[in-house]
Structure formats: C-alpha cells, structure tokens
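One structure is given here, and the rest of the page talks about it.
In my numbering, the protein residues as written are 9 to 293.
What follows is the structure, encoded as structure tokens:
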C-alpha cells in the first residue's frame, strides 16, 4: 500500500499550499466529528482558484467544496489536500471520483487514510487513472490535525486527554474542600478550546457535588456542538445538579473499578462515535 513519503524533500511551493490547506481544515474545528478535519485548495500556476474544508459530518468533503468553489477549467490544476481522498461511498460519494470527474491530474496529499482497509486505496486509484500523486507533504502536521480520529479508527476507542491544574504545592482546593480558581484567563480559554475539541467530558462525582459545574462550552457565540457529559460516581447524580437540569443532554453516571471495566467502557464510547474524551478531574478521578 502507498504510504506517507515523509522523508522526501518537500518543495517550498508544496509546503506553502499545504500549510494553507491545513489552515482551511482548522476552520472545521469542533464540528466534524466523527469525521476528520480536512482542508483542500486548488492551484493553477501560482494562483489559488478554489478552497474548501469539511464543515460537518454528512456535509461536503473538502475536495468537493474546493471543486465547487472553483469557477474555471481544472485540467491544469493541482489539488492540495491534508488527508488522502476517500475512495468508497459513505454518507457522500467518494472524493476520488469527484477529482477525476473534474479532470484534475495532479494531487498533493498530506497524510494517508489511517484505516488499514483504505490506506493508500485512494492514491492507487488516482495513479491507476493516470494522475500524478505525491503524498506525505507536511505529513506530521496533517496527522496532528486529527489525532483523535486516528486513535478512534485504529483502536475503536476515543483519545483520552487529561486536564489537570494544581498549585505549586500540589493542591487543587482549600483545606475545607472549597474549589478556587488556580489558573489564569489564558489557561481557562484553553480549557474552553479543549471542550470544543472533545466529544465528551468526564469529571468525578465529588466535583459535581462540590462545584456543581455545567461542563459546557462557553463562547461569545452560542456553540452548537456541546460535548456529552459523564460523571464517575457510585451514587446517582442528584436531580438538582446543573448537568441534569440545565436543558442539555443529561449527564450519565459511570461506575468502573477495574482496568478491564474502563477499557470496556471506552470501547462502548467508540461504538457511539465518540472520538475524543476530555477528563477534567477532580482528585479522586
């Protein structure tokens, strides 16, 4: 199977346009799960003639969006795309088919498809059709766009990220157990960004009882893609807790004690198409 050719020397032009495709991909941040972030740009000579990115699951893929945005003959165009074009029918037709139909004969790819059943298949189909294909351009950066997606595809479970804050002397609350802000505004904005990235958030039951958080994304704009919420607790979640009564999807209580139970629970999240889990603590969790 074809793979990322990361050791090849990358021309400045290829790197320039791939960086632009990566920037386009990031515009879908927090909105595409369980699909990956993907950006694409069509170039003729030294001019971009069409740009696109994957906006949401079930919507147009980046390659199709770029083709639709271009209002010109694309037979002399090069398409730069951060992830190998899909080669099979899913919610939308395969992007390989759209590229060939548009007459595009030069394709530059960042990272290959992580699914072993599909990896390199799109590249092989394009080359079999006579296209010139180069892969592995800024592959590490393109891969970094979708670490959670890669984990979910390869291991059938979400990527788990632990967020933890404590004082220099190792404390997370006052002696009485009262929680206080111990992070600054920059760190708190970072937490909101992580919540946008995550499909689900987990905290411990004591955090719910002491702090009564909502565990929602708080942005100046109304954020439509709120994460699912889980609470690690032996006891039922109180009906008065904000995670139950705030109008969102009620939080789910989780009780696992062994490593095997946690692994089975994570596998269950994977089956629910949860690709990224943010664990925010407290101390017990």
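Using N, Cα and C, we set each Cβ at its ideal position, and we do this for glycine too.
Notebook entry, point to check: By Cβ distance below 6 Å, which residues in the same chain neighbour residue 85 in space, the five residues on each side in sequence not counted?
Noted result: Position 77 of the chain shown holds residue 85. Only 50, 52, 112 meet the Cβ criterion.
Notebook entry, point to check: Where does residue 283 land, buried or exposed, given buried means 16+ other C-beta within 10 angstroms?
Noted result: Here residue 283 refers to the residue found at position 275 of the chain shown. When all chains shown are included, residue 283 counts as buried.
Item checked: Strand pairing of residue 238, partner residues [DSSP] -> Looking up residue 238 in the chain shown gives position 230. Beta-bridge pairing links residue 238 to 210, 260.
Check: Can you list, in chain order, the residues of its chain whose CB lies under 7 Å from that of residue 133, leaving out five sequence neighbours each side?
Finding: Within the chain shown, the letter at position 125 stands for residue 133. Around residue 133: 95, 104.
Next item on the list: Name the two residues that bound the continuous alpha helix (DSSP H) containing residue 32.
Entry: On the chain shown, position 24 is the one that residue 32 refers to. Start and end: 20-33.
Notebook entry, point to check: How far does the beta strand (DSSP E) with residue 58 in it reach, from first residue to last?
Noted result: Within the chain shown, numbered from 1, the residue matching residue 58 stands at position 50. From DSSP, the beta strand (DSSP E) with residue 58 extends over 55-61.
Check: Under the DSSP definition of a beta bridge, which residues are partnered with residue 140?
Finding: For this step, residue 140 is matched to residue 132 along the chain shown. Looking at the DSSP assignment, residue 140 forms a beta bridge with 114.
Notebook entry, point to check: What separation, rounded to the nearest whole angstrom, lies between the Cα atoms of residue 266 and residue 273?
Noted result: Residue mapping note: residue 266 aligns to position 258 of the chain shown, counting from 1. Residue mapping note: residue 273 aligns to position 265 of the chain shown, counting from 1. Their backbone Cα atoms lie some 11 Å apart in a straight line.
Note to self: Let me see if you follow: with CB-CB separation under 7 Å, is residue 54 close to chain C or not?
What the structure shows: In the displayed structure, chain C is absent; only one protein chain is listed.
Next item on the list: Excluding the 5 residues preceding and the 5 following residue 248 in the sequence, name in chain order all residues of the same chain whose CB lies nearer than 7 Å to its CB.
Entry: In the chain shown, residue 248 corresponds to position 240, counting from 1. Within the same chain, residue 248 has no close Cβ partners at all.
Notebook entry, point to check: Is DSSP giving residue 45 helix, strand or coil here?
Noted result: Reading the chain shown from its first residue, position 37 is the one you call residue 45. Coil.
Checklist line | Counterpart residues of residue 88 in DSSP-defined beta bridges | finding: On the chain shown, position 80 is the one that residue 88 refers to. Per DSSP, 49, 116.
Notebook entry, point to check: What are the boundary residues of the beta strand (DSSP E) that residue 289 is part of?
Noted result: For this step, residue 289 is matched to residue 281 along the chain shown. Where residue 289 is concerned, the enclosing beta strand (DSSP E) stretches over 284-289.
Margin query: I need the straight-line Cα distance from residue 118 to residue 287, nearest angstrom please.
Written below: Position 110 of the chain shown holds residue 118. Position 279 of the chain shown holds residue 287. For residue 118 and residue 287, the distance between alpha carbons rounds to 30 Å.
Item checked: Sequence-distant residues of the same chain with beta carbon closer than 8 Å to residue 30, five excluded per side -> Within the chain shown, the letter at position 22 stands for residue 30. Cβ within range, chain order: 47, 90, 118, 146, 149, 150, 153.
Checklist line | C-beta contact flag for residue 207 and residue 235 at 7 Å | finding: The residue given as residue 207 occupies position 199 in the chain shown. The residue given as residue 235 occupies position 227 in the chain shown. Yes.
Next item on the list: Using 10 angstroms around the beta-carbon of residue 130, count the other beta-carbons present and answer buried if the total reaches 16, otherwise exposed.
Entry: As a first step, residue 130 is located in the chain shown; it is residue number 122 there, counting from the start. Looking at its Cβ environment, which holds 16 or more other Cβ atoms inside 10 Å, residue 130 is buried.
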